[in-house]
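Single-structure report; data block below.
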Amino acid sequence: AVGHGVSTALSAEDALEVARSSEVATEQQVAGNDPQGLVCGLKVSVCPDVPSNEQSVTGVVRMADAGTIAIERISEEISSTVCVHFPRTGYRVEVLDDGEA
6 AVGHGVSTAL
16 SAEDALEVAR
26 SSEVATEQQV
36 AGNDPQGLVC
46 GLKVSVCPDV
56 PSNEQSVTGV
66 VRMADAGTIA
76 IERISEEISS
86 TVCVHFPRTG
96 YRVEVLDDGE
106 A
């Protein structure tokens, strides 16, 4: 009813295969008024704003606006480029030096 489409059950193996055979479709674009001064291609790490068991995810900025950041990274599980989307609220984005990513 919210408009998120139709979901289909998928095994972990099938999900990895879908990711492996797909290409990143997220548009490369950062809002001009980004409060952190993020730009496409900047190396960053994204992690929860509160202590949790989630590990940080490191990659390069592909898209960012007031509500979302998407980073591109190489997935070790599928040896392919993936784009991971995070909400900006509740997550911390840390800009990394060139040698850290």
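The number in the numbering used here is simply the position in the sequence shown, starting from 1, with 5 added.
All residues carry an ideal CB built from backbone N, CA and C; glycine is no exception.
CA-to-CA distance, residue 98 to residue 32, given in whole angstroms: 19 Å
Span separating the alpha-carbon of residue 89 from that of residue 83: 14 Å
Check whether residue 69 and residue 35 have beta carbons under 9 Å apart: yes
Under 9 Å between C-beta atoms of residue 24 and residue 87: yes
Where residue 77 falls: helix, strand or coil (DSSP): strand
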